[in-house]
Amino acid sequence: KQEVTQIPAALSVPEGENLVLNCSFTDSAIYNLQWFRQDPGKGLTSLLLIQSSQREQTSGRLNASLDKSSGRSTLYIAASQPGDSATYLCAVSGNQFYFGTGTSLTVIP
Amino acid sequence: NAGVTQTPKFRVLKTGQSMTLLCAQDMNHEYMYWYRQDPGMGLRLIHYSVGEGTTAKGEVPDGYNVSRLKKQNFLLGLESAAPSQTSVYFCASTLGDRGTETQYFGPGTRLLVL
């Protein structure tokens, strides 16, 4: 069974700092990997989707990379802002979707 | 375009009661999914559907039933609620093949079973 791990579980950074969130998975036979944002009491919003054949995707201040062979993905957030405070989840798609438990990010003004 | 909507937003049940959660999407998506989210465990797939009239089991299907009578709606039923089913339930949809498509999520239904 696919296991998805996100470390750290929580992270606090001062505003303006660049940061990296990590996601690892145990089975490299995936179709894609997605990064989501979840605000308290809300649903999930898709940030980036990386197909298994791709190495990275970028959207604004966000950059996600995928190393399928090593079972790792990173989400890079540049010049963090207080509005980036949320929980970030990664999910991999194989025979079904498997989610990590998320990293709770707090950006301190 | 409302995207994915869920009804109700919050519900309290007593053990043994039944209820149905409704998910609706207006994006003409083929695939729909029901997840539960519990602290420390991430989202887990309960059931999913690859098209109107189809359903399939996910990772944690026991105690739940689903139906997809119309393409835009996906219903999740609890026949006899148990405290272990206290959770936040999310519905999601994708346009086509789940391997290549972005998932769109609803806002969630918070269920408390006493």
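Residue numbers (this note's numbering), protein chains in the order written: chain F, 1 to 109; chain R, 1001 to 1114. Backbone N, C-alpha and C fix where the C-beta goes; we use that ideal spot for every residue, glycine too. Note that this is a predicted model, so its numbers are computed, not measured.
Separation of residue j from residue i, as counted between CA atoms
{"i": "residue 28 (chain F)", "j": "residue 48 (chain F)", "result": "19 Å"}
{"i": "residue 69 (chain F)", "j": "residue 91 (chain F)", "result": "16 Å"}
{"i": "residue 35 (chain F)", "j": "residue 46 (chain F)", "result": "6 Å"}
{"i": "residue 1016 (chain R)", "j": "residue 1084 (chain R)", "result": "12 Å"}
{"i": "residue 1040 (chain R)", "j": "residue 1088 (chain R)", "result": "13 Å"}
{"i": "residue 21 (chain F)", "j": "residue 40 (chain F)", "result": "19 Å"}
{"i": "residue 9 (chain F)", "j": "residue 76 (chain F)", "result": "16 Å"}
{"i": "residue 60 (chain F)", "j": "residue 1102 (chain R)", "result": "18 Å"}
{"i": "residue 4 (chain F)", "j": "residue 109 (chain F)", "result": "31 Å"}
{"i": "residue 1005 (chain R)", "j": "residue 1071 (chain R)", "result": "14 Å"}
{"i": "residue 1062 (chain R)", "j": "residue 1086 (chain R)", "result": "14 Å"}
Other residues of its chain near residue i: CB distance less than 6 Å, five sequence neighbours each side excluded
{"i": "residue 1011 (chain R)", "result": "1111"}
{"i": "residue 1032 (chain R)", "result": "1049, 1074 and 1093"}
{"i": "residue 1108 (chain R)", "result": "1088 and 1090"}
{"i": "residue 1038 (chain R)", "result": "1087"}
Cβ neighbours of residue i in the same chain (closer than 8 Å, five flanking residues each side left out)
{"i": "residue 56 (chain F)", "result": "50, 63, 64, 65 and 66"}
{"i": "residue 1003 (chain R)", "result": "1025, 1026, 1027, 1104 and 1106"}
{"i": "residue 1055 (chain R)", "result": "1047, 1048, 1049, 1066, 1067 and 1068"}
{"i": "residue 1013 (chain R)", "result": "1019, 1078, 1081, 1111, 1112, 1113 and 1114"}
{"i": "residue 94 (chain F)", "result": "2, 27, 29, 30 and 31"}
{"i": "residue 1053 (chain R)", "result": "1068 and 1069"}
{"i": "residue 74 (chain F)", "result": "20, 21, 22, 23, 64 and 65"}
{"i": "residue 1060 (chain R)", "result": "1036, 1044, 1045 and 1046"}
{"i": "residue 43 (chain F)", "result": "none"}
{"i": "residue 82 (chain F)", "result": "15, 107, 108 and 109"}
{"i": "residue 112 (chain F)", "result": "As shown, chain F starts at 1 and ends at 109. That puts residue 112 (chain F) outside it, with no answer to give."}
{"i": "residue 38 (chain F)", "result": "44, 45, 86, 87, 88, 89 and 102"}
Host beta strand (DSSP E) of residue i (start-end)
{"i": "residue 1047 (chain R)", "result": "1042-1049"}
{"i": "residue 1110 (chain R)", "result": "1109-1113"}
{"i": "residue 93 (chain F)", "result": "86-93"}
{"i": "residue 1007 (chain R)", "result": "1004-1007"}
{"i": "residue 1159 (chain R)", "result": "Lying outside 1001 to 1114, the shown extent of chain R, residue 1159 (chain R) is not represented and no answer is given."}
{"i": "residue 5 (chain F)", "result": "4-7"}
{"i": "residue 1077 (chain R)", "result": "1073-1078"}
{"i": "residue 27 (chain F)", "result": "Looking at the DSSP string, residue 27 (chain F) is not in any beta strand (DSSP E), and its letter there is neither H nor E."}
Cβ neighbours of residue i in the same chain (closer than 7 Å, five flanking residues each side left out)
{"i": "residue 1030 (chain R)", "result": "1050, 1051, 1095 and 1096"}
{"i": "residue 16 (chain F)", "result": "79 and 80"}
{"i": "residue 52 (chain F)", "result": "30, 31, 32 and 68"}
Closer than 8 Å: residue i CB and nearest the ligand FAD heavy atom
{"i": "residue 19 (chain F)", "result": "The ligand FAD is not part of the structure shown, which contains no ligands of any sort."}
(request) Could you say if the segment 96-109 of chain F and the segment 11-29 of chain F meet the contact criterion of at least three C-beta pairs nearer than 8 Å? (result) yes
(request) Report yes or no: do three or more beta-carbon pairs, one from the segment 1063-1081 of chain R and one from the segment 77-93 of chain F, lie closer than 8 Å? (result) Below 8 Å, too few C-beta pairs join the segment 1063-1081 of chain R and the segment 77-93 of chain F to call them touching: fewer than three.
(request) Please list the segments of the beta strand (DSSP E) lying wholly inside the segment 38-76 of chain F, counting only runs of 3 or more residues, in order along the chain. (result) 44-51, 56-59 and 62-67
(request) Compile a chain-ordered list of the residues in the segment 19-37 of chain F whose CB is closer than 7 Å to at least one CB of chain C. (result) Here the protein chains are F and R, and chain C is not one of them.
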